[in-house]
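With the working numbering as the guide, the letters of the sequence shown map in order to residues 1 to 399. Glycine residues also receive a C-beta, built at the ideal position from the N, C-alpha and C atoms. Since we're looking at a predicted model, the values are computed, not measured. Below is one structure; the comments refer to it alone.
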Amino acid sequence: MSPADPALIAPGTPAYRRLLGAVFLAGFAVFLVMYDTQGLLQQISADLGTGEALAGWTVAGTTLGMAVGMVPLSATALSRGLFTRMRAFLVLAALAGLLVAAMPSIGTLVAARVLQGVLISLVPASALALLGSRIERSAVTSATGVYLAGNTVGGLFSRVGPGLIAELADGRSAIGVMSMLCLLCAAGVALLRPPGGEAVALPPRSPVPAVRAVLARPRILAACVIGAMLMAAFNSAYTVVGFRLHGPGIGWGPGAANLVFLLYLLGTLPSARTGSIAARIGEVPAVLLSALAVAVGFWIALPEHPLAIIAGLALMTALFFVGHVIASASVSGAAPPGTGATASAVYLAFYYAGATAGSALGSLGFQHAGWAATASLATVWTLAAGAAALLLRRHLPAP
């Protein structure tokens, strides 16, 4: 459809507000269930009698499912019935979350989390495709920001809320509450669907040719590596930090320990100002600064003291999102014609693969050698991100 098509929804109309409300709830629900075990790892470990490494897979499993499902289900999501698919997969992901809460062993729990990740991976593609096909082009960027705001709020709530609920009940109850909230979000999406809310049907198509075209661009490949490596380091910190704050050295309760996730708010302003930061010092120096901040933050957090841990996490959080935003924007800017959605899905697949590696290997290192091992792994990942940034420099367009 063209911007002049009367079927497109204009900004400021009731239909526009309803659609934005629906995609906000979808974005909220995605991150609500994706990370709801990250603040409960100590309780999961104690409940199931497992170590930190296996408990970390309750986070890694979901991001693995996201990474696996992102590209093929994104292609499926573009075929037809986006609103219907989005609602259906939110419901299925919520039901999978209720299964997670009932799983009797770490193996079955992780399997249910992988399933949940695959199911939820279709929702971002559906939400963004809805915005691109149902509203006027001039409003797509700001509308996408509403979806991402839902991600931010959902991610924050999924990390802080379960710990507070677990203090009143237990970890399984907390996961169940998050799943019920996801069901409520699905109901909200259904109620907010504007008239004619479905996108125009497109024929199903294989994503393979588009993926090949995307990965043939060195700039895109470098940006994907940057996103994956930075996320591996960053996610390992937030997966492991709960064990440190709950542990005998500090001994915080789950509610107090999970308040550390409020540090996520420190990434809001730098990420919003990434464009001006990159314009001032350059895209590659900004990525290198982001990687350096993440690595240094790990080592600042090495002492077994809450202030040191908070200071280290604050530094890495403040600048991690700068590198992520630049890498994501580089993918969008370098995508071959007609492959924008696939390029974004490929980047997110790399990104969540990095999150999986960070949770799994970071918690494994912590179990065997403490925070120093996790920090050493993270330093390697940030060095890889820096190397990819230098490769990216060779393929940036001339100023």
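Hey, Phe450 and Ala378: beta-carbon distance below 8 angstroms or not?
The structure shown does not extend to residue 450, since the chain spans only 1 to 399, so no value can be given for it.
Can you tell me whether DSSP reads Ile135 as helix, strand or coil?
As a first step, residue 135 is located in the sequence shown; it is residue number 135 there, counting from the start. Ile135 falls in the strand class under three-state DSSP.
Under three-state DSSP, which class holds Ile250?
The count along the sequence shown starts at 1 and reaches residue 250 at position 250. Ile250: coil per DSSP, three-state reduction.
Would you list the residues sitting across from Ile9 in a DSSP beta bridge?
Locating residue 9 in the sequence shown gives position 9, where the first residue counts as 1. Its beta-bridge partners are Ile135.
Helix, strand or coil for Ser271, going by three-state DSSP, please let me know.
In the sequence shown, residue 271 corresponds to position 271, counting from 1. Helix, per DSSP.
Considering Cα atoms alone, identify which of Ala341, Ala256, Ala279 is closest to Ser133.
Reading the sequence shown from its first residue, position 133 is the one you call residue 133. The shortest Cα separation from Ser133 among Ala341, Ala256, Ala279 belongs to Ala341.
Which of the three DSSP states is assigned to Thr339 in this structure?
Counted from its first residue, the sequence shown places residue 339 at position 339. In this structure, Thr339 counts as coil in the three-state DSSP scheme.
Under 6 angstroms Cβ to Cβ from Gly163, same chain only, skipping five residues before and after it: list those, please.
Position 163 of the sequence shown, counting from 1, holds the residue named residue 163. Gly39, Pro254, Gly255, Asn258.
DSSP-derived helix/strand/coil call for Arg159
Looking up residue 159 in the sequence shown gives position 159. In this structure, Arg159 counts as helix in the three-state DSSP scheme.
I'd like the span of the alpha helix (DSSP H) that includes Ala375, first residue to last.
Taking the sequence shown and counting its residues from 1, one reaches residue 375 at position 375. Ala375 -> alpha helix (DSSP H) spans 371–394.
Pro303, buried or exposed, once every other Cβ within 10 Å from all chains shown has been counted against 16:
Your numbering for residue 303 matches position 303 in the sequence shown. Answer is exposed; the Cβ neighbour count stays below 16.
With 16 other CB atoms within 10 Å as the buried threshold, where does Arg85 fall?
Taking the first residue of the sequence shown as position 1, residue 85 is located at position 85. Label assigned to Arg85: buried.
In whole angstroms, what is the alpha-carbon distance linking Ala88 and Val110?
Position 88 of the sequence shown, counting from 1, holds the residue named residue 88. Position 110 of the sequence shown, counting from 1, holds the residue named residue 110. If I take the Cα positions, the gap works out to 22 angstroms.
Separation of Ala96 from Leu148, as counted between CA atoms:
Here residue 148 refers to the residue found at position 148 of the sequence shown. Here residue 96 refers to the residue found at position 96 of the sequence shown. Cα to Cα, the separation comes out at about 23 angstroms.
So, with DSSP's three-state summary, where would you put Gly354?
By one-based count along the sequence shown, residue 354 stands at place 354. In this structure, Gly354 counts as helix in the three-state DSSP scheme.
For Leu19, three-class secondary structure by DSSP:
By 1-based counting over the sequence shown, the position of residue 19 is 19. Residue state, collapsed to three classes: helix.
Within 10 Å of its beta-carbon, does Leu262 have 16 or more other beta-carbons around it, so buried, or fewer, so exposed?
Translated into positions along the sequence shown, residue 262 becomes position 262. Leu262 is exposed by the Cβ-count criterion.
Please determine, among Leu130, Ala389, Gly117, the residue with the shortest C-alpha to C-alpha distance to Met229.
As a first step, residue 229 is located in the sequence shown; it is residue number 229 there, counting from the start. When only C-alpha atoms are compared, the closest one is Ala389.
Could you pull out every residue in the same chain whose Cβ sits closer than 6 angstroms to the Cβ of Ser271, ignoring the five residues on either side in sequence?
By one-based count along the sequence shown, residue 271 stands at place 271. Correct list, in chain order: Phe321, Val325.
In chain order, what residues of the same chain lie with their CB nearer than 6 angstroms to the CB of Val331, ignoring the 5 residues before and after it?
Here residue 331 refers to the residue found at position 331 of the sequence shown. Result list for Val331: Ile220, Ala223, Ala343, Tyr347, in chain order.
Leu364: which of Thr239, Ala7, Tyr16 sits nearest, CA to CA?
Numbered from 1 along the sequence shown, position 364 holds the residue referred to as residue 364. Out of Thr239, Ala7, Tyr16, Thr239 has the C-alpha closest to the C-alpha of Leu364.
Taking Cβ positions, are Leu383 and Pro218 nearer each other than 8 angstroms?
Position 383 of the sequence shown, counted from the start, is the residue given in the question as residue 383. Position 218 of the sequence shown, counted from the start, is the residue given in the question as residue 218. Result no, Cβ atoms of Leu383 and Pro218 do not sit closer than 8 angstroms.
Rounded to a whole number of angstroms, what is the C-alpha to C-alpha distance between Leu288 and Gly323?
Residue numbering aside, residue 288 sits at position 288 when the sequence shown is read from its first letter. Residue numbering aside, residue 323 sits at position 323 when the sequence shown is read from its first letter. Near 8 angstroms, if we compare the C-alpha coordinates of Gly323 and Leu288.
Could you give the C-beta distance for Gly65 and Val114, rounded to a whole number, given that I count them as a contact under 8 angstroms?
Sequence index remark: in the sequence shown, residue 65 carries index 65 (1-based). Sequence index remark: in the sequence shown, residue 114 carries index 114 (1-based). Between Gly65 and Val114 the beta-carbon gap is near 4 angstroms, inside 8 angstroms, which marks them as a contact.
For His305, name the three-state secondary structure that DSSP assigns.
Reading the sequence shown from its first residue, position 305 is the one you call residue 305. Assigned with DSSP and collapsed to three states, His305 falls in coil, not helix or strand.
Per DSSP, what kind of secondary structure is Pro218 in: helix, strand or coil?
Counted from its first residue, the sequence shown places residue 218 at position 218. Helix at Pro218.
Cβ-Cβ separation, Gly242 to Leu41 (assumed contact under 8 angstroms), whole Å:
Here residue 41 is taken as the residue at index 41 of the sequence shown, counted from 1. Here residue 242 is taken as the residue at index 242 of the sequence shown, counted from 1. The C-beta distance from Leu41 to Gly242 rounds to 5 angstroms, short enough to meet the 8 angstroms contact threshold.
Reduced DSSP secondary structure (H/G/I, E/B, other) of Met103
What you label residue 103 is simply residue 103 of the sequence shown in a count that begins at 1. Coil.
Short Cβ contact (8 angstroms threshold) for Arg244 with Ile300:
As a first step, residue 244 is located in the sequence shown; it is residue number 244 there, counting from the start. As a first step, residue 300 is located in the sequence shown; it is residue number 300 there, counting from the start. Result no, Cβ atoms of Arg244 and Ile300 do not sit closer than 8 angstroms.
In three-state terms, what does DSSP make of Ser314?
For the purposes of this step, residue 314 is identified with residue 314 of the sequence shown, where counting begins at 1. The question names Ser, but residue 314 is Ala in the sequence shown. DSSP places Ala314 in helix when its eight states are reduced to three.
Considering Cα atoms alone, identify which of Gly312, Arg17, Trp381, Gly370 is closest to Leu191.
As a working mapping, residue 191 is identified with position 191 in the sequence shown. It is Arg17.
Have a look at Ala127, Ser158, Gly154, Val153 and flag the residue whose alpha-carbon is nearest the alpha-carbon of Thr144.
Looking up residue 144 in the sequence shown gives position 144. Closest by alpha carbon: Ala127.
Alpha carbon to alpha carbon, how far is Gly171 from Ser45? Give it in angstroms, no decimals.
Position 45 of the sequence shown, counted from the first residue, corresponds to residue 45. Position 171 of the sequence shown, counted from the first residue, corresponds to residue 171. Computed Cα separation, rounded: 10 angstroms.
My understanding is that Gly150 touches Gly27, with C-beta atoms under 8 angstroms, so please give their C-beta distance in whole angstroms.
On the sequence shown, position 150 is the one that residue 150 refers to. On the sequence shown, position 27 is the one that residue 27 refers to. About 3 angstroms separates the two Cβ atoms, so the contact holds.
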